[in-house]
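S.K.: For reference, the structure I am asking about is given below.
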Amino acid sequence: MEAMEGYLGYELVRNGEDAIFISYWKDKEAVDSWRTDALHREAKMQGRAHWYHAYRSVVCPIEETSHFRR
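Heads up: take any position in the sequence shown, counting from 1, add 1, and you land on this note's numbering.
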């Protein structure tokens, strides 16, 4: 994924068996390119067959972000 054009980074949060993975992309075209990439499609099929109980994908633009950590 890191080598794909338009990839900006990711965040991963785990809580027991549950996880939230957020990937960041330059634009919708970069997301679509990743989504149709043969290696990504194969990894997704392997995940469904062997590792994931369920997952949900959401594609949305980020208008603004803020962060606080003590």
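Here a beta-carbon is modelled for each residue, glycine too, at the ideal position from N, C-alpha and C.
(1) Between the alpha carbons of E65 and E3, how many angstroms are there, rounded?
(2) Helix, strand or coil, according to DSSP, for D33 in the structure here?
(3) For W26, count neighbouring Cβ atoms within 10 angstroms of its own Cβ and tell me buried if that reaches 16, exposed if not.
(4) Please go through the stretch 4 to 65 and give each complete alpha helix (DSSP H) segment of 4 or more residues, from N-terminal end onward.
(5) Smallest Cα separation from S58: which of F22, R71, L40?
(6) So, G7 versus S34, is the Cβ gap smaller than 8 Å?
(7) If you compare alpha carbons, which of A20, L9, R49, H68 is closest to D28?
M.R.: A quick look at the data gives this:
(1) 23 Å
(2) helix
(3) buried
(4) 29 to 37, 39 to 47
(5) F22
(6) yes
(7) L9
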